[in-house]
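Numbering (my numbering), first residue to last: 17 to 325. Heads up, the beta-carbon is just placed ideally off N, CA and C, and yes, glycines get one too. Structure first, commentary second.
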């Protein structure tokens, strides 16, 4: 079993990954900003995890946290497009400089790095031809400060592999959703719509709702991270993980609205909006990746969880 550090290990994806790795016998440490949310997310394994409370923007702290670990999962990031439009500087500080600090630490300490990039690096999809999917070799065309920060970090990881031989694998998850994901002002689509519908509000969606996403349920992305952990041949490579199925924002909103007894209304389209995001997951499938939870089952699970909060 490995000694593993997870940056952002108290967050949405990170807490699920922490629980999974602990349950499989790994020695797990978590680097996270101190918060009630992180403590709540990890309450079931808190006595089995070594905590480093701090920020990836602190270079010396990051190196101290990385030292002695075989593998680092770098999930710590600011992740919302709308928030990045209002405060791009913090996205640069955390997502770009923070990733640089992690890369320097793993280079010095000899650890393996698994970096959580984002499907946002591929852009808004407006140039995709009919039937075309986004593969790992597709051009990066970031369309928001958030997307640009992840693309910069993604490229930096590749450059460290090329320049220093750093053992890094870049994971590009597509629209991960599930329990513990935040709604609120800067939340993700499914949590925001669910939270509003549970409060009796009608559901506003940007534009005509024809924009599509490839949604990945959180348990499937945890399966993906574990596959990467156990695939040393991926050194220096990027890999997409998704469901392989496109679903429109309109269909998702209408499904949640029907289940919770509200209506859908249309709002003015916003800048940087992704129009299409179809994933090519052939590389992932060649490793044995097999997503189990479809979008509708995942939404049902999320709604059941949200009702209990």
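What's the C-alpha gap between residue i and residue j?
i, j, result
"residue 77", "residue 70", "7 Å"
"residue 21", "residue 27", "14 Å"
"residue 332", "residue 261", "No information on residue 332 is available, as it lies outside the stretch 17 to 325 that the chain covers here."
"residue 312", "residue 321", "14 Å"
"residue 83", "residue 52", "26 Å"
"residue 274", "residue 141", "29 Å"
"residue 111", "residue 49", "14 Å"
"residue 238", "residue 33", "6 Å"
"residue 127", "residue 133", "18 Å"
"residue 285", "residue 228", "14 Å"
"residue 146", "residue 106", "36 Å"
"residue 243", "residue 302", "11 Å"
"residue 148", "residue 295", "9 Å"
"residue 305", "residue 63", "31 Å"
Where does residue i fall in DSSP's three states?
i, result
"residue 43", "strand"
"residue 249", "helix"
"residue 291", "coil"
"residue 19", "strand"
"residue 305", "coil"
"residue 48", "strand"
"residue 212", "helix"
"residue 368", "The requested residue 368 does not occur in the structure, where the chain is confined to residues 17 to 325."
Given residue i, which residues of its chain have a CB within under 8 Å of its CB, disregarding the five upstream and five downstream residues?
i, result
"residue 318", "193, 194, 195, 197, 206, 207, 210"
"residue 235", "32, 194, 308, 309"
"residue 219", "209, 212, 213, 269, 272, 273, 278, 279, 280, 281"
"residue 143", "157"
Looking only at its chain, what residues have a beta carbon closer than 6 Å to the beta carbon of residue i, apart from the 5 residues adjacent to it on each side?
i, result
"residue 18", "42, 86, 87"
"residue 54", "26, 48"
"residue 101", "none"
For residue i, which residues from the same chain have a beta carbon less than 7 Å from its beta carbon, with the 5 sequence-adjacent residues on both sides left out?
i, result
"residue 182", "119, 122, 123, 129, 176"
"residue 113", "73"
"residue 4", "Outside the shown range of the chain (17 to 325) lies residue 4, about which nothing can therefore be said."
Per DSSP, residue i is paired with what?
i, result
"residue 228", "264"
"residue 272", "Answer is none; residue 272 lacks a bridge partner."
"residue 233", "193"
"residue 311", "Bridge partners of residue 311: none, in fact."
Checklist entry - Curious, which full-length alpha helix (DSSP H) runs of at least 4 residues does the region 137-200 contain? => result Fully enclosed alpha helix (DSSP H) runs of no fewer than 4 residues occupy 161-180 of the region 137-200, in order along the chain.
Checklist entry - Taking the runs of the alpha helix (DSSP H) that are 4 residues or longer, which of them lie wholly in the region 45-103? => result Contiguous alpha helix (DSSP H) elements confined to the region 45-103 occur at 52-57, 75-82, 97-102, taking only those with 4 or more residues.
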